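Asks:
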Amino acid sequence: TSNSESGEGMVFFLHAVLMLTGFFCVTVLTIILVVKLNIASKWRYQATSDKAKTEAMSNKDKRTTRMVVTISSLLIVMYSP
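Structure representation (structure tokens):
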């Protein structure tokens with residue numbers, strides 16, 4: 505039973521480490537994606553001459569950013585113990 509308990513402890517530890525690593529990766533990559541989307545949106549706003557069309561695109565970018573953050577947050581919340 506000692507060997508069995510040791511194996512279970514190792515599996516639990518490995519599972520916890522892999523889960524936390526996954527959460528960390530999702531968080532970091534979501535932050536990078538949101539920053540890149542904001543940079544692209546600002547560049548598009550400066551590069552275009554039609555400001556009304558740019559405002560509509562900006563709203564689309566905001567919705568996209570909100571959706572990405574929501575999905576990432578839900579993933580972390582649902583998979584957390």
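Be aware that the sequence shown starts at 505, since it is given in the working numbering, and climbs by one per residue. In this text, a Cβ means the ideal position worked out from N, Cα and C, and glycines have one as well. Note that the structure is predicted; figures quoted are calculated from it, not measured.
Within a Cβ cutoff of 7 Å, which residues of the same chain sit near residue 530, ignoring the five residues on either side of it in sequence?
Replies: Around residue 530: 576, 579 and 580.
Asks: Near residue 534, what residues of its chain come up, given a Cβ to Cβ distance below 7 Å and the 5 sequence neighbours on each side ignored?
Replies: Closer than 7 Å at Cβ, skipping near neighbours: 572, 573 and 576.
Asks: Taking 8 Å as the cut-off, decide whether the C-beta atoms of residue 568 and residue 524 are in contact.
Replies: No. Outside cutoff.
Asks: What is the DSSP secondary structure of residue 569, counted as helix, strand or coil?
Replies: Three-state result, residue 569: helix.
Asks: Identify whether residue 534 lies in helix, strand or coil by the three-state DSSP scheme.
Replies: Three-state result, residue 534: helix.
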